[in-house]
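Reading through the C-alpha cells given below for one structure.
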Amino acid sequence: MIDRRRLMLTAVAVGALPLPVLAEGEALAFPGALGWAASTPGGRGGRIIRVTTLADEGEGSLRAALEAEGPRIVVFEVGGVIDLQRRDIRVANPFLTLAGQTAPEPGITLIRGGISLRTHDVIVRHVRIRPGADGAAGKSGWEVDGLTTSGAHDVIVDQCSFSWATDENLSASGPRFDGGDRVEQWRTHTSRRITFSRNIVSEGLSNASHVKGEHSKGTLIHDNATQVLIVGNLYAHDHERNQLFKGGVHAVSANNLIYNPGNRCMHYALNASEWGDHPWEVGQLSIVGNVTRGGPSTRADLPFLIVEGQGDLDLYVHDNPAQHAGGRTMQELGVISDREPKIRRLSTSPHWPVGFRVRPSSEVEAWVMAEAGARPWARDAVDRRILEEVRTGTGRIIDDEREVGGYPVVGETRRLFVEADWDLASLTRKDGAPS
Numbered sequence: 009m010i011d012r013r014r015l016m017l018t019a020v021a022v023g024a025l026p027l028p029v030l031a032e033g034e035a036l037a038f039p040g041a042l043g044w045a046a047s048t049p050g051g052r053g054g055r056i057i058r059v060t061t062l063a064d065e066g067e068g069s070l071r072a073a074l075e076a077e078g079p080r081i082v083v084f085e086v087g088g089v090i091d092l093q094r095r096d097i098r099v100a101n102p103f104l105t106l107a108g109q110t111a112p113e114p115g116i117t118l119i120r121g122g123i124s125l126r127t128h129d130v131i132v133r134h135v136r137i138r139p140g141a142d143g144a145a146g147k148s149g150w151e152v153d154g155l156t157t158s159g160a161h162d163v164i165v166d167q168c169s170f171s172w173a174t175d176e177n178l179s180a181s182g183p184r185f186d187g188g189d190r191v192e193q194w195r196t197h198t199s200r201r202i203t204f205s206r207n208i209v210s211e212g213l214s215n216a217s218h219v220k221g222e223h224s225k226g227t228l229i230h231d232n233a234t235q236v237l238i239v240g241n242l243y244a245h246d247h248e249r250n251q252l253f254k255g256g257v258h259a260v261s262a263n264n265l266i267y268n269p270g271n272r273c274m275h276y277a278l279n280a281s282e283w284g285d286h287p288w289e290v291g292q293l294s295i296v297g298n299v300t301r302g303g304p305s306t307r308a309d310l311p312f313l314i315v316e317g318q319g320d321l322d323l324y325v326h327d328n329p330a331q332h333a334g335g336r337t338m339q340e341l342g343v344i345s346d347r348e349p350k351i352r353r354l355s356t357s358p359h360w361p362v363g364f365r366v367r368p369s370s371e372v373e374a375w376v377m378a379e380a381g382a383r384p385w386a387r388d389a390v391d392r393r394i395l396e397e398v399r400t401g402t403g404r405i406i407d408d409e410r411e412v413g414g415y416p417v418v419g420e421t422r423r424l425f426v427e428a429d430w431d432l433a434s435l436t437r438k439d440g441a442p443s
C-alpha cells in the first residue's frame with residue numbers, strides 16, 4: 009500500500025502532459041492527474057481483464073470485469089452500447105482502472121443504468137454513461153445516477169461523458185454520520201480524496217421519473233465529503249447542482265465551464281433537518297477560475313453562488329466571470345436561509361491540492377471545450393451537439409432523452425487489445441495516438 013501521508017507531488021500545470029513523480033518515485037495515475045487522488049495506482053500492476061461482449065452480464069462482460077476481485081485493468085476489445093437493463097454496476101472491490109480509451113471506435117456507452125463506486129483506488133476514464141428515463145412514467149421512482157461514489161476514496165473520474173440521469177449525473181456521496189460521534193470519524197466513512205476532471209455533465213432529466221418530480225441535477229458532493237477537486241468539467245443544461253456542496257464539505261471547484269444552469273448554479277447547503285442533533289460543521293469551499301454563461305433555461309435573477317440552509321461557510325472565491333445570456337453580469341452571491349449563515353470570505357484557499365496550478369478564467373472555455381468528455385478525439389453525436397449548443401448559446405433543459413434523439417444506435421465494433429502497444433502504467437499508447 010502507498011503511504012499517502014509521505015507523498016508529495018511535484019508542481020504540475022493543469023492539463024500538462026509530462027508524468028511527474030511522487031517523492032517515493034511513484035508515478036501519477038496518468039499524465040495530468042490532479043487533486044488529492046492523483047497518486048492512486050488504480051489497477052496498476054494487476055491482471056488485465058478484457059471486455060469482449062456488449063452483453064450486460066456473463067463471461068467477458070463489463071459487469072463481470074468491474075465486479076471481479078483483486079487489482080485489475082479493464083480494457084476493451086469491443087465497442088458500442090452496453091444496455092444495463094436498469095441494473096447499476098456496483099464496484100465493491102478496490103484497485104481498478106477502467107480504461108475506456110482502449111475500446112475501438114465508437115468507444116463504450118452505457119445506457120439504462122449507471123456505475124456506483126463503493127470502494128477505493130479507482131480510475132475511470134473515457135466512457136459515456138447515459139441512463140435515460142427509458143419510458144418510465146413521471147414520478148414513478150426510476151431514480152438513477154450516471155456515476156456516484158458512495159463512501160469511496162482515492163477515486164479519479166476523468167474525461168467521461170454523463171447525461172440523462174434521473175438523479176445526479178455525477179456525484180460523491182455516502183453516509184453523513186457513520187463511524188462515531190466526531191466529524192473526523194464521519195469523514196473517514198464518506199467519500200473523500202475524489203477528483204472529477206474534464207468530464208461533460210449535461211442534460212440531467214428534469215420532469216422525468218424521479219419521485220420528487222423536477223430533478224435535473226449535475227453534481228452533488230454530499231455532507232462531510234473532503235478533499236474533493238472538481239476541475240475542467242463542462243456543465244450544460246442542468247437545472248440545478250452545477251455543483252451542489254452539502255454541509256461540512258471541503259472542496260475545490262476550479263476551471264469549470266457552466267452553461268445554461270436553470271434554477272441553481274454553484275450551491276452550498278447545510279440543512280438542519282438533515283443534521284438532527286449533530287453539531288453543524290463549517291464548510292470550506294474554494295471556487296476559482298470558473299466561467300458561467302446563462303442560456304435559454306437560466307432564470308433571470310440567478311446568482312452565481314447560492315448559500316442555503318443553516319450552516320456557516322469559509323469561502324475563497326476568485327476569478328469567476330459569470331454572465332446571463334444577454335451579457336448582464338450575474339450577482340456573485342445569494343443567501344436563502346431562515347438563519348443567516350456566517351460566510352467568512354477568505355483571501356487564500358483554506359485547502360489546496362499539492363502542486364495544483366489553476367488556469368486563469370480567460371483560458372478556461374477554450375481548454376474545456378477541447379478537453380472535456382469521453383474520447384475528445386472522436387466525440388459521439390450527443391457530445392458534439394452539446395458543444396455546438398454551448399458555442400451558439402442554444403439548447404435547453406429537457407425532460408426525456410427522446411427529445412434529443414434518444415439512446416444511441418451504433419453497430420458493434422471489434423479490435424484486439426495488444427499489450428505491447430500500450431504503456432500499462434499510464435494506459436497511454438506508446439505511439440502517441442489517442443486510442
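Going by the numbering used here, the first residue of the sequence shown is number 9, and it counts up by one from there. The beta-carbon is built from N, C-alpha and C at its ideal position, and this holds for glycine as well. Please read these numbers as outputs of a predicted model, since none were measured by experiment.
Along the beta strand (DSSP E) that carries residue i, what are the first and last residues, could you check?
| i | result |
| --- | --- |
| Leu-125 | 123-125 |
| Ile-394 | Unbroken run through Ile-394 is the alpha helix (DSSP H), 389-400; no beta strand (DSSP E). |
| Arg-138 | 136-138 |
| Ala-111 | No beta strand (DSSP E) contains Ala-111, which DSSP labels as neither H nor E. |
| Leu-62 | Element bounds for Leu-62: n/a, residue is neither H nor E. |
| Glu-316 | 313-317 |
Go ahead and label residue i buried or exposed: buried means 16 or more other beta carbons lie within 10 angstroms of its beta carbon, across all protein chains shown.
| i | result |
| --- | --- |
| Val-426 | exposed |
| Ala-173 | buried |
| Ala-389 | exposed |
| Pro-114 | buried |
| Val-219 | exposed |
| Gly-284 | exposed |
Smallest Cα separation from residue i: which of the options?
| i | options | result |
| --- | --- | --- |
| Asn-264 | Thr-234, Asn-250, Val-390 and Val-257 | Asn-250 |
| Ser-4 | Arg-301, Pro-349, Ser-434 and Thr-203 | This structure cannot settle anything about residue 4, because the visible part of the chain is limited to 9 through 443. |
| Thr-402 | Arg-365, Thr-306 and Lys-147 | Thr-306 |
| Ala-63 | Ala-73, Leu-435 and Ile-56 | Ala-73 |
| Thr-60 | Ala-41, Arg-80 and Gly-87 | Gly-87 |
| Val-163 | Ser-171, His-128, Gly-154 and Ser-148 | His-128 |
| Arg-423 | Ala-37, Gln-109 and Ile-90 | Gln-109 |
| Ser-169 | Arg-383, Thr-400 and Glu-396 | Arg-383 |
| Ala-267 | Arg-98, Ile-57, Phe-38 and Ile-405 | The identity of residue 267 in the sequence shown is Tyr, whereas the question assumes Ala. If we check each option's Cα against that of Tyr-267, Ile-405 comes out closest. |
| Thr-105 | Leu-125, Asn-177 and Trp-194 | Leu-125 |
Pull up the distance between the alpha-carbon of residue i and that of residue j, whole angstroms please.
| i | j | result |
| --- | --- | --- |
| Ala-277 | Trp-288 | 11 Å |
| Val-135 | Gln-167 | 8 Å |
| Asp-429 | Ala-45 | 27 Å |
| Tyr-324 | Pro-358 | 8 Å |
| Ala-374 | Ile-202 | 25 Å |
| Asp-391 | Arg-410 | 15 Å |
| Val-130 | Gly-78 | 12 Å |
| Arg-133 | Ala-216 | 28 Å |
| Asn-328 | Val-372 | 10 Å |
| Ala-31 | Arg-52 | Reliability of the predicted coordinates at Ala-31 is poor, the pLDDT of 47 falling under 50, and no value is obtained from them. |
| Gly-212 | Glu-397 | 15 Å |
| Gly-342 | Gly-140 | 32 Å |
Between which two residues does the alpha helix (DSSP H) carrying residue i extend?
| i | result |
| --- | --- |
| Ser-281 | 280-283 |
| Glu-373 | 372-379 |
| Glu-192 | 191-195 |
| Arg-71 | 70-75 |
Residues in its own chain within less than 8 Å of residue i by CB, not counting five upstream and five downstream?
| i | result |
| --- | --- |
| His-197 | Gly-159, Gly-182, Pro-183, Asp-186 and Gly-187 |
Can you find the residues in the same chain that come closer than 7 Å, C-beta to C-beta, to residue i, ignoring five residues on each side of it along the sequence?
| i | result |
| --- | --- |
| Val-418 | Gly-88, Val-89 and Pro-114 |
| Arg-71 | Asp-64, Glu-65 and Ile-97 |
Please confirm whether residue i has its beta-carbon closer than 8 Å to some beta-carbon of chain D.
| i | result |
| --- | --- |
| Arg-410 | You won't find chain D in this structure, because it holds only one protein chain. |
Can you find the residues in the same chain that come closer than 6 Å, C-beta to C-beta, to residue i, ignoring five residues on each side of it along the sequence?
| i | result |
| --- | --- |
| Arg-95 | Gly-121 |
| Gly-440 | none |
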